[in-house]
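Input: a single structure, listed below in structure tokens.
Residue numbers (this note's numbering): -16 to 214.
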């Protein structure tokens, strides 16, 4: 038995399903704790920004996985704070009241524009997730490749991302096999050990002349295996 999947650009109308995938894939993560309202504001803002772009994998009109990021992370963070600080702040009130210990982490997150790298030709893959029961079908790999294709079409030289160092071997191998190299390992102020990965397009196979607006493929449903993808 085969199933057909389509890869296309993410739209604002996809955000509701994207949030459901995020919550299912990232249980126990900080952004998940901030809740659907915060995620809706964040993901909608990224898509609305001129530097933001993403892709979704769709099967039977349902989103099965997504990838989202930016071509200019410093300017994106600055605009998010300038244009949407009130909406993002209001979305944080309920989780902050529920657990006041997250307030220092929120303050650190909102200071990210001052800490972001100023390299002008580096994009950032900010979030990627596939529904847990749809992992192992090549969806994650196709999403990353679409993201890299789009980044290259925007004349970026690098794309970076971060993922957990601990208990995350399959995901670290996933990015390494796709051509990323670990640029550094660091500890967040909260004590979380992270790997920062970078891919250099000068040593990566050149994509085609046009980014993939949509593409389809088929897989055998019996070939499924689990591949956790964490951010």
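Beta carbons are placed, not taken as given, at the ideal position from N, Cα and C, and that holds for glycine.
The structure presented is a predicted model; accordingly, all values stated were derived computationally and were not measured.
- With a contact defined as Cβ atoms closer than 8 Å, residue 72 and residue 51 miss out at about 21 Å.
- Contact annotation: residue 115 and residue 3 have beta-carbon atoms that are not nearer than 9 Å.
- For residue 42, the closest of 64, -9, 21 by C-alpha to C-alpha distance is -9.
- Within the stretch 12 to 48, the complete beta strand (DSSP E) runs of at least 3 residues fall at 35 to 42.
- The alpha-carbon of residue 53 is positioned some 31 Å away from that of residue -14.
- In the structure shown, residue 149 falls within a coil segment according to DSSP collapsed to helix, strand and coil.
- Cβ neighbours of residue -3 within its own chain (closer than 6 Å, five residues either side excluded): 39, 46.
- Excluding sequence positions up to five before and after residue 171, its CB lies within less than 8 Å of the CB of 177, all in the same chain and listed in chain order.
- Below 8 Å, too few C-beta pairs join the stretch 159 to 173 and the stretch 76 to 86 to call them touching: fewer than three.
- The residues -12, 40, 47, 48, 113, in chain order, have a CB closer than 8 Å to that of residue 122 in the same chain once the five nearest residues on each side in sequence are set aside.
- Secondary structure note for residue 110: its beta strand (DSSP E) is the uninterrupted segment 105 to 113.
- Within 10 angstroms of the beta-carbon of residue 111 lie 16 or more other beta-carbons, which makes it buried.
- Check the Cα spacing between residue 129 and each of 108, 145, 120: the tightest is with 108.
- Membership of residue 179 in the beta strand (DSSP E) is indicated by the continuous run 176 to 183.
- Distance check between residue 138 and each of 179, 86, 55, 125 places 55 closest, using alpha-carbon atoms only.
- Secondary structure note for residue 166: its beta strand (DSSP E) is the uninterrupted segment 164 to 170.
- Take residue -5, set aside five residues on each side of it, and the residues of its chain with a beta-carbon closer than 8 Å to its own are 27, 30, 31, in chain order.
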